[in-house]
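Residue numbers (the working numbering), protein chains in the order written: chain A, 75 to 921; chain B, 163 to 594.
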């Protein structure tokens, strides 16, 4: 299509160009025609003008000659009247007109001249037959004055009888005085040529020696390269017949008009040339003016074209820019539309998935509820059904939590809750969740911690856990049974001593992902779709949430995957180090030295590194024998750590036997280490789950040291408690009441915060053991109610535990609750175990 | 670009406004009344037959100085010219004599013999009082002083020499001749090799051979003034000086080295020039300018050199003095004198010499000559030359010798020619 348009454009341009050329051709032709017409007319006019000028000169010269002849006739009459004609002649003085006057008496061959010298006709040639006023005129000759002259003779008659002949010599210089000075602006040359001898007898003057003349006609032809026989023949014809000739011929490379103008019936001729340029001076001036006008018009025209072209170019540029802009906008719009469509499609797909994902557990809940109603009498079935209902409910809850998470992340409302945490706690809790899952699928789960220097860090523990659980649960999900999962925590080289750089790697040898999917894995509402994974349930939001959280923490997440070979997720985080001054812990418990027995040097190194800041002397030995030989053993050592995997039960046994009874032996073992039962029967011997962390060791020591003093877990803490609960939802209120009743606790339900406040106000001190407040309630919400209660002028208003119950399970929700004066936060649906734990913690804190 | 467009538009506007402007009131009488009459000086000179589209630098040089005078003095110089069509016509010398005697013109370019004749008749102005005359070389005064008056001044020291076709000399393994004997030998070799007439001659310049041999010793022997005095007093005879040269010419004619008949009717350069340029004639004689002018020998297809004439003292340049003169009774004699003062000024002579590459008559002007003239120039610079005319001699040399050489060409014997010289000398001695 573009080509067609280009061709059309080219054709149009060509047509336009041809049209312009045609217009110019017509214009040029008109100008040329007019110019030539003018030149022709002016030339004709100039030739006419030249002819008239030459005619005028001819007339002048002929008049001079006639006058001379008449003058001579008068002289002849005078001579005739004179008594002594010869004496009369002698008295005549030479003048400018008449150079010499001579008389030859009739019948004599010699006479006398006015200079007194004898005179004969010898040297004078009258044979040509030229006459002036019927009087014979001689051919031209150079006289004794050194100038060209001619002689006219006339008879001297007395009484009708010829008494002699009067000869008068005239010089051509006399004629010269009557010729125009500066013929055609001195560009024309004017000679007088004697016709018979063809010699130039009068030459132009005042033009420099070289140009000052030609000798004769032949010389004129030669000097001016007039060698064409036809011209010479034509001129010859004119000379012989006494006619005028006018012809064009270049003179010294300049076009000229040459002329031969007959005078006195062709006895003498005016000969010369005029440059055509001089003749056509007016025509040339007109043509020059026409050229100037045409040039001005063309200049103006081209100036207009240039201006138009500039304007057109600017407009074209603007148009192109606008087009580009429009195109860009269109593209952006198209992209936006496409993105919107994709988003819409994704959300549609997501909703479709959600619909399916929510319906499935919901169906299970409803189905099992129906079955529960039917088999209410069968306790085994009831337990089975409730278990399944619980599982479905949990799944539904996680789905809803994920959706809410995404919603929050997308709206930018996620706030990190930065607090001190122990890396060990995170890893332990995650490990505790994932290990059973992996085990259930028969997967090998490997946890490796290397090069960690600091385990007490500042960060959002919950979110970090979320990241790890997301990655690991995905690994478990997308790895078939019998597969392997590696969970690595790697300490990277620190960029600052204030920050610990941690690399978290989750690797599996599961299904893997296609490169196309890898590109969208972190986009919300996507989920790997294939025949293998279709059966895997999930919201498809996990990775989007994970990436968002990692980036919120200033970290990076990468993924490497290959279909059929598994995937590797790598998260790099940089967390601030919290220097925990825990030396007192060890001092209080009189622990000053620890012996590490491990066949794994890496592990030894890791433990030594982690224990570096505790103030405890740590020594290491590769085996039991070496440990027993260690100077620390039995002397100052209070604790021995034995790596179960590298040393085994024999080493434990030997050590126990070799060590004093007071020295505790801790077996450092994997989560699912087998064959430890016998070893644990040994005195003062216990286990510590890998990976090794100081905090874990401290917890274990605390546990061991306080073992005798510790009480069994109080599982019935709610028993006998009287609680005030604010819950606007009747079903939830009923569930709560029922659940508390199961725990043998009683509960008063208020329909909103205000009622709860009033009820508390009206209660006797100590009537309620704790207050449970839903957050979102009509009239007065939970936060407001908590603030009011805390502000009450009652003794127990500040001390009574207030616990928030909310469907919002985010850190910021918990923070908001605490800010409102509440003591803790539990998310709905209410988990009684969690509630008990919270109440227990509050009680301990208060104690 | 915008500036250009603005400038163009401004120009167009200006042109439009100018075109629309009302013209000044025209006078009713359309003929201009300013008739500034320029003073006119008539100049008479020979006219050279011009070739189509050829430049004659010599003429151009003289014209340039005349134009300089016109510009400086506000005078118009009119040229009047004459050249004989053939030998039957009056010669330029004859015509110029008559024109001076008839006071036809103001300023004349004259040959040495005419200068002396007219000087003797007191028909020429004394130019020694001109400011520019003070810069002239002594040789100019020697040649042109008649009865104590400097009657003519040249624009160049015209030196005559032999123009030789060096290629032909080399072809026949010949050295350029120094003496008359060597010259004859060269001619013999040329003739033997098929060059029938080795010397191209005309009716004017054969006398240069005579002068070279006649006066080589007189002008270069260190006793010039005494010898001239002896000639003027009749103590020595011109014929004695002239005889060797005439005999030499006789030999050349007799041996056929010169075509006497042709020479007698040939005008200068016209007669012999074509054969020389065509490489048919190895030797011609001509004046300095001919080597510069394209109209003469300024452009040859062969290597040309100009050497002196053969003499007992080697190659001998011959220097006659042409010159500009002012008619004593000229109508515009005063203006003509002013023109003279300009055209022989150092400035004008510098221009002339630079244009024409000649030896300047001014002591203050020197220019390099064309390579072909160097042999001749070197001799002149050495002070070795003979004068073709000398106003100090009571017998006019240049014109008389020319005429007597013509007699020789016409068949007169050497003795008859010598008798003519004796007659001239006797006439001069018998002058009152």
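Glycine included, each C-beta is placed from N, C-alpha and C at the ideal position.
Under the three-state DSSP convention, the category residue 782 (chain A) falls into:
Because the pLDDT of residue 782 (chain A) is 44, which lies under 50, any placement of that residue in the model is unreliable, and the number read from its coordinates should be weighed accordingly. Residue 782 (chain A) falls in the coil class under three-state DSSP.
Any chain A beta carbon closer than 7 Å to residue 296 (chain B)
no
Sort out for me which residues DSSP pairs residue 323 (chain A) with in a bridge.
A:330
Please classify residue 888 (chain A) as buried or exposed, where buried requires at least 16 neighbouring CB atoms within 10 angstroms.
buried
Residue 916 (chain A) (DSSP reduced to helix, strand or coil)
Three-state result, residue 916 (chain A): helix.
Can you give me, in chain order, the residues of the stretch 157-189 of chain A that have a beta carbon less than 8 Å from any beta carbon in chain B?
Residues passing the 8 Å Cβ filter: none.
First through last residue of the beta strand (DSSP E) which encompasses residue 222 (chain A):
If you look at residue 222 (chain A), you'll find it in the beta strand (DSSP E) that goes 222-232.
Measuring only between beta-carbons, confirm whether residue 519 (chain B) sits less than 7 Å from chain A.
no
Of all Cβ atoms in chain A, is any one closer than 7 Å to the Cβ of residue 522 (chain B)?
It does not; no Cβ of chain A falls within 7 Å.
So is residue 561 (chain A) buried or exposed if we call it buried at 16+ other beta carbons inside 10 Å?
buried
How would you call residue 225 (chain B), buried or exposed, if buried means at least 16 neighbouring beta carbons within 10 angstroms?
buried
So, at 6 Å on beta carbons, what are the nonlocal neighbours of residue 567 (chain B) in its own chain, with the 5 sequence-adjacent residues on each side left out?
368, 369
Return the chain-ordered list of same chain residues with a C-beta closer than 7 Å to the C-beta of residue 368 (chain A), the five sequence neighbours on each side being excluded.
105
Which residues mark the beginning and the end of the beta strand (DSSP E) in which residue 528 (chain A) is found?
It is not in any beta strand (DSSP E) - residue 528 (chain A) carries neither H nor E in the DSSP assignment.
Grab me the residues of residue 263 (chain A)'s own chain with a C-beta within less than 7 Å of its C-beta, minus the 5 sequence neighbours each way, in chain order.
278, 346, 347
Mind reading off the beta-carbon distance from residue 356 (chain B) to residue 445 (chain B)? Whole number of angstroms is fine, and I expect it under 8 Å.
Incorrect: roughly 15 Å between the Cβ atoms, too far for contact.
Is it buried or exposed for residue 529 (chain A), if we count other Cβ within 10 angstroms and need 16 for buried?
buried
Tell me which same chain residues have a C-beta within less than 6 Å of the C-beta of residue 604 (chain A), skipping the five on either side of it?
In this prediction, residue 604 (chain A) scores a pLDDT of 43, lower than 50, which makes its location untrustworthy; the coordinate-derived value is nonetheless stated afterwards. Hits under 6 Å: none found.
Below 9 Å on C-beta distance, what does residue 221 (chain A) contact in chain B?
242, 244, 257, 260, 261, 264, 266
Going by DSSP, what residue range makes up the beta strand (DSSP E) through residue 577 (chain A)?
573-582
Among A:499, A:380, A:801, which has the Cα closest to the Cα of residue 854 (chain A)?
A:801
By Cβ distance below 7 Å, which residues in the same chain neighbour residue 626 (chain A) in space, the five residues on each side in sequence not counted?
Here residue 626 (chain A) has 488, 490 as same chain residues with Cβ atoms under 7 Å from its own Cβ, once five neighbours each way along the sequence are excluded.
Under 8 Å between beta-carbons, which chain A residues line up against residue 252 (chain B)? List them in chain order, please.
216, 220
Can you pull the chain A neighbours of residue 429 (chain B), defined as C-beta to C-beta under 7 Å?
The premise fails here: residue 429 (chain B) is roughly 11 Å from chain A at the closest Cβ pair, so nothing lies under 7 Å.
Of all the options B:365, B:252, B:366, B:201, which has the alpha carbon lying nearest to the alpha carbon of residue 233 (chain B)?
B:201
Simplified DSSP state of residue 311 (chain A), which is helix, strand or coil:
Residue 311 (chain A): helix per DSSP, three-state reduction.
Between A:910, A:901, A:503, A:915, which lies nearest to residue 468 (chain A) when the distance is taken from Cα to Cα?
Ranking A:910, A:901, A:503, A:915 by Cα distance to residue 468 (chain A) puts A:901 first.
Span of the beta strand (DSSP E), counted from its first residue to its last, around residue 821 (chain A)
820-824
State the Cα-Cα distance for the pair residue 634 (chain A) and residue 540 (chain A), rounded to the nearest angstrom.
In a straight line, the C-alpha of residue 634 (chain A) is about 20 Å away from that of residue 540 (chain A).
Using a Cβ-Cβ cutoff of less than 8 Å, which residues in the same chain neighbour residue 798 (chain A) once the five nearest sequence positions on both sides are dropped?
821, 822, 824, 830, 833, 834, 837, 842, 844, 845, 846
Would residue 275 (chain A) and residue 244 (chain A) be called neighbours here (beta carbons separated by less than 7 Å)?
no
Classify residue 874 (chain A) as helix, strand or coil using the three-state DSSP reduction.
coil
So, does the CB of residue 289 (chain A) fall closer than 7 Å to a CB anywhere in chain B?
yes
Restricting to Cα atoms, I'd like to know which of A:774, A:768, A:767 is closest to residue 761 (chain A).
A:774
Quick check: the stretch 433-449 of chain B against the stretch 284-297 of chain B, are there 3 or more CB pairs under 8 Å?
No: fewer than three Cβ pairs fall under 8 Å.
Measuring from the CB of residue 397 (chain A), is there a heavy atom of the ligand ZN at a distance below 6 Å?
Absence of the ligand ZN from the depicted structure is noted, as is the absence of any ligand whatsoever, leaving it without description.
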